[in-house]
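Engineer: Before I ask anything, here is the structure I am working with.
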Amino acid sequence: MASSSSGSPTPAPEAVQVLVSNPVLVLDCCSAVSRGGRRTYNEVQRWFLRVGLVYPEDLFIYVPSKCKYHLKSRLKEEPLTFGALCVLKHPLPRLSEAWHSKTPSPVEAVKFLLDEQNLGFRMALSESIVVMASHCYLVGPSGELFVEYLVRNCALTDQYRSNLGMSKEVSASGNAYVPFQYKRLEGVVVSRFLVYDGTHAATVTFTNKCTYTVWPATLTGDKKPQLSTTGFELRTGANRAVDLPAPWSGRFWGRTGCSDNNGRFTCTTADCGSGQVECNGNGGAPPATLVEITTAENNGQDYYDVSLVDGFNVPMSVSTQGGTGECKTSSCPADVNANCPAELQMKGADGNVIACKSACEQFKEDKYCCPPPNDKPEKCPPTDYSMIFEKLCPQAYSYAFDDKNSTFTCSNRPSYEITFCP
-13 MASSSSGSPT PAPEAVQVLV SNPVLVLDCC SAVSRGGRRT YNEVQRWFLR VGLVYPEDLF
47 IYVPSKCKYH LKSRLKEEPL TFGALCVLKH PLPRLSEAWH SKTPSPVEAV KFLLDEQNLG
107 FRMALSESIV VMASHCYLVG PSGELFVEYL VRNCALTDQY RSNLGMSKEV SASGNAYVPF
167 QYKRLEGVVV SRFLVYDGTH AATVTFTNKC TYTVWPATLT GDKKPQLSTT GFELRTGANR
227 AVDLPAPWSG RFWGRTGCSD NNGRFTCTTA DCGSGQVECN GNGGAPPATL VEITTAENNG
287 QDYYDVSLVD GFNVPMSVST QGGTGECKTS SCPADVNANC PAELQMKGAD GNVIACKSAC
347 EQFKEDKYCC PPPNDKPEKC PPTDYSMIFE KLCPQAYSYA FDDKNSTFTC SNRPSYEITF
407 CP
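Quick note: the sequence shown uses this note's numbering, first residue -13, plus one each step.
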């Protein structure tokens, strides 16, 4: 046994035994005085974090070296696990700074890691914790909930696997998203990979320049699998990146005034009705400002826009990074709420305007909603209400067929930045 800087006993790296089973690694933690065997989930998690902080290099060189021989003949089955272990040694010294004042609980430690701005470090470490800890017996519901928390918030993508030293040996087949699922089987949690069938196309970085917290949400169209996250919290000044496959089509929006009352998460604007921070495939209730992106395969032409067709709740913009072509910024920076007609206003409990409805949402009339057979440009012209949106945000969609002024394109796999309150 070794001691951490705080004097707590810490097992030496040699106490780690790594076994390979199908389909992922199993971690047994043993001390010199015990006869081994699986520990409880919390014991494994606490041990793992403490050893990682005391021996950030030794432990994570030791573990992959023990795995390498066993994995050599089965790298095609195990590249993601091995890759995560290789990346793991880099972010741990950052976490050690949080231990100077107090030793966080395992849950606090992982939440800290999930708040890291470096997406690759944060996700690789969290994935590895799931791989290792999910194969230990769980005691009580807290362990299961903790694994579920990690599963819902983590994904390891091709972009970061490609940077691994052994990327040539362990590279996957080009699939983009590899989140974990788990199931109970005779007291053991068994992990398996779910692979999103698509190639890595772009990174979307969300930035919050508002003076209030925004809860971004994502929705994939065409009944395709959802992204690695469908909702998260973004505080003032924070940013977070999400990867997109190609081809892909979907929308993004920001929820405001959110809270978790009696275990159910709700928002005063653009709520998706899931009862959770994650929207889980639900769309946002209008009024809501939208950013819509369609990525193309084979370095083709992407389409993107800001839309007020469903109303307005928060200023938004979408800009590109890299790519070729026009690649202009689409933006609605104006405070539409301050200029919203009285009959379209949505007010909060304090009487302030918190969103501006579309005329279709408010009046439910054909001349505003353009249902079939009137869903054609020549039969669905702009209205007095849509022109208010057009005047305030000329780059955004103000009505359903505002394509000429509001559709933007960029080719050759650009990345995107979505900004709230640009």
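Here a beta-carbon is modelled for each residue, glycine too, at the ideal position from N, C-alpha and C.
1) Spell out a yes or no on whether the region 279 to 286 and the region 361 to 380 are touching, meaning 3 or more CB-CB pairs, one atom from each, closer than 8 Å.
2) Using a 10 Å radius around the Cβ and a threshold of 16 neighbouring Cβ atoms, would you call K343 buried or exposed?
3) If we call anything under 8 Å between Cβ atoms a contact, is M302 one with F394?
4) Look up E312 in the DSSP assignment and give the residues it is bridged to.
5) Decide yes or no for the touch test of the region 351 to 368 against the region 328 to 342: beta carbon pairs closer than 8 Å, at least 3 of them.
6) Give me the Cα-Cα distance between S293 and G309, rounded to the nearest whole angstrom.
7) Roughly how many whole angstroms lie between the Cα atoms of T306 and W239?
8) Would you kindly work out how many angstroms separate the C-alpha atoms of T275 and G311, rounded to a whole number?
9) Measure the beta-carbon distance from A345 to T369 and round it to whole angstroms, keeping in mind my assumption that it falls under 8 Å.
10) On the DSSP bridge list, what partners appear for Q409?
11) Using a 10 Å radius around the Cβ and a threshold of 16 neighbouring Cβ atoms, would you call V19 buried or exposed?
12) Helix, strand or coil for S397? Go by DSSP, reduced to three states.
13) Does Y371 come out as helix, strand or coil in the three-state DSSP assignment?
14) Rounded to whole angstroms, what is the Cα-Cα separation between S245 and E364?
15) Helix, strand or coil: how does DSSP classify C318 here?
16) What separation, rounded to the nearest whole angstrom, lies between the Cα atoms of P400 and T315?
17) Would you mind working out which of P233, K209, Q212 sits nearest S397, comparing C-alpha positions?
18) Roughly how many whole angstroms lie between the Cα atoms of N391 and Q262?
19) First and last residue of the alpha helix (DSSP H) that includes S392?
20) In terms of alpha-carbon separation, which member of T242, W201, N247 lies closest to N299?
21) So that I know if they touch, is there some Cβ in chain E lying closer than 8 Å to that of S235?
22) Just to confirm before moving on: does the CB-CB distance between T206 and G236 stay below 8 Å?
23) So which of N325, L330, R226 has the shortest CA-CA distance to K350?
24) Apart from the five residues just before and just after D208, which ones in its own chain have a Cβ nearer than 7 Å to its Cβ?
25) Between which two residues does the beta strand (DSSP E) harbouring Y290 extend?
26) Mark F221 as exposed unless 16 or more other C-beta atoms lie within 10 angstroms of its C-beta, in which case mark it buried.
27) Expressed to the nearest angstrom, what Euclidean distance is found between the alpha-carbon atoms of N247 and C253?
28) Hey, could you find the ends of the alpha helix (DSSP H) D336 is sitting in?
29) A227: buried (16+ other C-beta within 10 angstroms of its C-beta) or exposed?
30) Note down the Cα distance separating G223 from C379, rounded to an integer number of angstroms.
31) Using DSSP with H/G/I as helix, E/B as strand and the rest coil, what is L378?
32) Looking only at C-alpha atoms, which of G297, A335, D336 sits nearest to D321?
33) Helix, strand or coil for D296 per DSSP?
34) Enumerate in chain order the residues of its own chain whose CB-to-CB distance from A256 is below 6 Å, with the five nearest sequence positions on each side excluded.
35) Which same chain residues end up closer than 8 Å to Y198 when comparing Cβ atoms and leaving out the 5 residues on each side of it in sequence?
36) Could you check where the alpha helix (DSSP H) with D361 kicks off and where it finishes?
Structural biologist: Result, derived from the coordinates:
1) Cβ pair count under 8 Å is below three, so no.
2) Under this definition K343 is a buried residue.
3) No, these two residues do not count as a Cβ contact at 8 Å.
4) Note: E312 sits in no beta bridge, so no partner.
5) Flag = no, the region 351 to 368 and the region 328 to 342 do not touch.
6) Spanning the two alpha carbons is a distance of roughly 22 Å.
7) The straight-line gap from Cα to Cα measures roughly 17 Å.
8) Cα to Cα, the separation comes out at about 26 Å.
9) Sure, about 6 Å apart at Cβ, within 8 Å.
10) What is shown of the chain runs -13 to 408, which leaves residue 409 out entirely.
11) Note that V19 scores a pLDDT of 29, beneath 50, so its modelled location is shaky; the value from the coordinates is reported in the next line. With fewer than 16 Cβ atoms within 10 Å of its Cβ, V19 is classed as exposed.
12) In the structure shown, S397 sits in a strand (DSSP, three-state: E or B).
13) In the structure shown, Y371 sits in a helix (DSSP, three-state: H, G or I).
14) Within the model, the alpha-carbon separation for S245 versus E364 is close to 43 Å.
15) If DSSP states are grouped into helix, strand and coil, C318 belongs with the strands.
16) Rounded to whole angstroms, P400 to T315 spans 12 Å at the Cα level.
17) Closest by alpha carbon: P233.
18) Cα-Cα distance, rounded: 36 Å.
19) Counting along the chain, the alpha helix (DSSP H) containing S392 begins and ends at 389 to 392.
20) Of the listed residues, the one whose Cα sits closest to N299 is T242.
21) In the structure shown, chain E does not exist; there is a single protein chain.
22) The Cβ atoms of T206 and G236 lie closer than 8 Å to each other.
23) Cα-wise, what sits closest to K350 is L330.
24) The beta carbon of D208 is closer than 7 Å to those of S235 in its chain, skipping five residues each way along the sequence.
25) Unbroken beta strand (DSSP E) run through Y290: 287 to 293.
26) The displayed chain sequence assigns Arg, not Phe, to residue 221. Classification of R221: exposed, given that the 10 Å Cβ count is below 16.
27) N247 and C253 have their C-alpha atoms spaced approximately 11 Å apart.
28) For D336, there is no enclosing alpha helix (DSSP H), since its DSSP letter is neither H nor E.
29) Buried is the call here.
30) Answer to the nearest angstrom: the Cα atoms are 24 Å apart.
31) Residue state, collapsed to three classes: helix.
32) Relative to D321, the option among G297, A335, D336 whose CA is nearest is G297.
33) Assigned with DSSP and collapsed to three states, D296 falls in coil, not helix or strand.
34) For A256, where only same-chain residues beyond five positions count, the Cβ hits under 6 Å are W239, R241, G270, A274, N299.
35) Cβ within range, chain order: T222, T242.
36) Segment: none, D361 is in no alpha helix (DSSP H) and carries neither H nor E.
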